[in-house]
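Q:
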Amino acid sequence: MLEDKTLIVSQSALEHFPCDLTFFQNVADALRSRDYPTLQIHLLPTGTMWRQYGPHGFRGYVPANLATILDMFKDFSRSHVFTLGGKHCLDVHYRYVHDTLNPEMPDRRRTHRDEYARATKAAIEADMASEQIDIMDACFLALVIHSHPQREIF
């Protein structure tokens with residue numbers, strides 16, 4: 003039984019569910035019948051991460067499928083999508099993590115640990131200096147859904 007407040011968090015998981023929309027529908031159905039606050043935070047790859055699909059999940063999230071998810075919760079929730087990382091982070095990801103466009107390139111994060119760490123830090127700093135990053139230019143998303151809010155959080 004769920005308590006009177008619930009927190010649901012996923013990180014780099016839902017893109018591995020072949021039926022992720024069914025997951026969201028099941029959560030929405032369960033939460034709709036309860037009247038206490040629930041906060042969901044899901045960290046998701048964007049559609050720009052498609053080069054990692056196959057070995058790394060079934061989908062990336064774009065405005066159309068995000069709208070489908072948010073529609074499931076709209077009558078009893080507030081939601082917001084935050085963009086995480088931009089073009090610089092994407093570039094680092096493509097250079098160090100398995101790339102389906104280049105099957106000869108293995109995941110280099112462990113073999114080039116220090117170089118990867120420096121490149122990641124520089125990419126984060128460069129992306130943070132940018133204006134607001136559009137969903138289609140982001141590396142990841144934080145999907146936040148606040149159901150049955152008792153006060154506004156965003």
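FYI, in this note's numbering the residues of the sequence shown are 3 to 156. Ideal Cβ positions, reconstructed from N, Cα and C, are used throughout, including at glycine.
Should Cys91 be labelled buried (16 or more other beta-carbon atoms within 10 Å of its own) or exposed?
A: By 1-based counting over the sequence shown, the position of residue 91 is 89. Per the 10 Å Cβ criterion, buried.
Q: Report the rounded CA-to-CA distance for Cys141 versus Leu46, giving the unit in angstroms.
A: Along the sequence shown, read from residue 1 onward, the residue named residue 141 stands at position 139. Along the sequence shown, read from residue 1 onward, the residue named residue 46 stands at position 44. For Cys141 and Leu46, the distance between alpha carbons rounds to 9 Å.
Q: Over what stretch of residues does the beta strand (DSSP E) that includes Ile10 continue unbroken?
A: Here residue 10 refers to the residue found at position 8 of the sequence shown. From DSSP, the beta strand (DSSP E) with Ile10 extends over 8 to 13.
Q: DSSP three-state call for Pro65: helix, strand or coil?
A: For the purposes of this step, residue 65 is taken as the residue at position 63 of the sequence shown. Looking at Pro65 - three-state DSSP - the assignment turns out to be helix.
Q: In angstroms with no decimal places, state the Cα-to-Cα distance between Glu154 and Ser35.
A: To locate residue 154, count along the sequence shown from 1; it is residue 152. To locate residue 35, count along the sequence shown from 1; it is residue 33. When rounded, the distance between both Cα atoms is 21 Å.
Q: If you reduce the DSSP assignment to three classes, tell me which class Thr113 lands in.
A: Taking the first residue of the sequence shown as position 1, residue 113 is located at position 111. Three-state result, Thr113: coil.
Q: Considering Phe84, what are the terminal residues of the alpha helix (DSSP H) in which it resides?
A: Position 82 of the sequence shown, counted from the start, is the residue given in the question as residue 84. Run containing Phe84: none in the alpha helix (DSSP H); it sits in the beta strand (DSSP E), 79 to 86.
Q: Leaving out five residues before and five after Ser132 in sequence, what residues of the same chain have Cβ atoms less than 7 Å from its Cβ?
A: Taking the first residue of the sequence shown as 1, we reach residue 132 at position 130. So the list reads Gly88, once near-sequence residues are dropped.
Q: Going residue by residue through the region 89 to 151, where are the continuous alpha helix (DSSP H) segments of at least 4 residues, counting only ones entirely within it?
A: For the region 89 to 151, whole alpha helix (DSSP H) runs of length 4 or above, ordered along the chain, are 89 to 98, 115 to 130.
Q: Leu16 lies in the alpha helix (DSSP H); which residues open and close that run?
A: On the sequence shown, residue 16 is found 14 positions in, with the first residue counted as 1. Note, Leu16: premise wrong, no alpha helix (DSSP H); not H, not E.
Q: In whole angstroms, what separates the C-alpha of Met130 from that of Thr113?
A: Position 128 of the sequence shown, counted from the start, is the residue given in the question as residue 130. Position 111 of the sequence shown, counted from the start, is the residue given in the question as residue 113. Distance between the alpha carbons of Met130 and Thr113 is about 27 Å.
Q: Tell me whether the beta-carbon of Pro39 lies closer than 7 Å to the beta-carbon of Gln134.
A: Taking the sequence shown and counting its residues from 1, the one referred to as residue 39 is at position 37. Taking the sequence shown and counting its residues from 1, the one referred to as residue 134 is at position 132. No, the Cβ-Cβ distance between Pro39 and Gln134 is not below 7 Å.
Q: Given this structure, state the Cα-to-Cα distance separating Leu33 from Arg97, to the nearest angstrom.
A: If you number the sequence shown from 1, residue 33 lands on position 31. If you number the sequence shown from 1, residue 97 lands on position 95. For Leu33 and Arg97, the distance between alpha carbons rounds to 41 Å.
Q: If we count the other Cβ atoms within 10 Å of its Cβ and call it buried at 16 or more, is Met3 buried or exposed?
A: On the sequence shown, position 1 is the one that residue 3 refers to. Per-residue confidence for Met3 stands at a pLDDT of 47, beneath the threshold of 50, marking its modelled position as unreliable; the derived number appears in the next sentence. Label assigned to Met3: exposed.
Q: Can you tell me the Cβ-Cβ gap for Thr85 and Ile137, rounded? I've got them flagged as a contact below 8 Å.
A: Within the sequence shown, the letter at position 83 stands for residue 85. Within the sequence shown, the letter at position 135 stands for residue 137. So it is a contact: roughly 6 Å between Cβ atoms.
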